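Numbering (my numbering), first residue to last: 894 to 1143. C-beta atoms are modelled at their ideal positions from N, C-alpha and C, and glycine is treated no differently. All values reported here derive from a predicted model rather than from experimental measurement. One structure below.
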Amino acid sequence: MKYLLYLLFPIITFAQEKAVLVTYKAIYNTELPTTKNGYLYISNDQKKTIYFTENIKKTGEEKGKDIDVTIKLSSGKRQFNHFNYKNDTLITRDDILKESLLVKEKIPHFNWILSDESKDIDSGMLYKATCYFRGRNYIAWYSPTTPIKAGPWKFQGLPGLIYEIYDETRRYNWVLVQVEHSNFNFNSEELAYKEKETISIEEYAQLKFNNSNSLDEKILSKLPRGAKIVNQKTFRTGFEIKFEWEEEVK
């Protein structure tokens, strides 16, 4: 057994790449408030990054609200955002109901507006930047002295590491917890998807927001017999609620 471990160790080491691990606290002030950790791995050459949040189980239900049944529809697969800057691609794994989808798009452009406004923290000075992206206005605080141009979820493109970012309603918030050296296998089986397994961002938006009939059928299939959907809300929710091709031409 000892010799077997010696033989396996170089293989395990070889699969891992040196990386920087940035841990964020993700705070979602949604209908079901959630706080969990988010993990951003950045390759040493900064040509690849991957961000994912931990899976947590919700227990208990809020009472006294006009909600008869609350259901969590998840495929159980880890959701992530995988950037490959060399190929100008972003692959996102996301769920629509219990179906896990791989969504491919070009790396999004964030039209950041940099500000002279700053604030001092223990590790140095942070500067403010703002942008509009897919239906939400965001405020970011970044460190230009940290030579990492990345952040949680799909956020990137600032001249430094994002320490804090939130939308103007404070519905979605990310706060940096720590930065450390680590290892990550960017060639893992989880990331070994094929082109035919992906859909475009346009197809994803169509499935998520413009397919209400099949959505109702899938939801009803998860409810107790005889249940029905009442007071259905049609507003969009999530990080992305309006896409580039949907914006009005001015």
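>> One question on the structure: do tyrosine 1059 and leucine 1069 come within less than 7 Å of each other, judged by their Cβ atoms?
In response: no
> serine 967: buried (16+ other C-beta within 10 angstroms of its C-beta) or exposed?
Replying inline: exposed
>> Looking at valine 913: is its Cβ nearer than 7 Å to the Cβ of isoleucine 935?
In response: yes
> Does the Cβ of arginine 1129 have 16 or more other Cβ atoms within 10 Å, making it buried, or fewer, making it exposed?
Replying inline: exposed
>> Quick check on leucine 925: buried or exposed, where buried means 16 or more other Cβ atoms within 10 Å of its Cβ?
In response: exposed
>> Quick check: the Cα distance between tyrosine 1065 and alanine 919, rounded to an integer number of angstroms?
In response: 8 Å
> What are the boundary residues of the beta strand (DSSP E) that lysine 1012 is part of?
Replying inline: 1006 to 1014
> Where does phenylalanine 1136 fall in DSSP's three states?
Replying inline: coil
> What is the residue span of the beta strand (DSSP E) that alanine 1022 lies within?
Replying inline: 1017 to 1026
>> My output table needs one value for alanine 1085: the three-state DSSP class, helix, strand or coil.
In response: coil
> Taking C-alpha atoms, which residue in Leu1019, Phe1048, Lys1042 and Val1072 lies nearest to serine 1036?
Replying inline: Leu1019
> Who are histidine 1074's beta bridge partners in DSSP?
Replying inline: Val913
> Taking contact to mean at least 3 C-beta pairs separated by less than 8 Å, is the segment 1089 to 1101 in contact with the segment 973 to 989?
Replying inline: yes
>> Among the candidates Gln1071, Glu1140, Ile1006 and Ser1008, whose CA atom is the shortest distance from the CA of aspartate 1015?
In response: Gln1071
>> For lysine 1135 and asparagine 1076, what's the separation of their Cα atoms in angstroms?
In response: 36 Å
> Whose C-beta lies closer than 8 Å to the C-beta of glycine 1131 among residues of the same chain, with five residues either side of it excluded?
Replying inline: Lys1101
> Quick one: Cα of serine 993 to Cα of alanine 1022, how far?
Replying inline: 33 Å
> In chain order, which continuous runs of the alpha helix (DSSP H) of length 4 or greater are located wholly inside the segment 926 to 952?
Replying inline: none
> What is the DSSP secondary structure of tyrosine 978, reduced to helix, strand or coil?
Replying inline: coil
>> Given this structure, state the Cα-to-Cα distance separating isoleucine 1006 from glutamate 1082, to the nearest angstrom.
In response: 38 Å
> Leaving out five residues before and five after glutamate 1010 in sequence, what residues of the same chain have Cβ atoms less than 6 Å from its Cβ?
Replying inline: Lys1021
> Which term fits glutamate 1139, buried or exposed, when burial requires 16 or more other beta carbons within 10 angstroms of its beta carbon?
Replying inline: exposed
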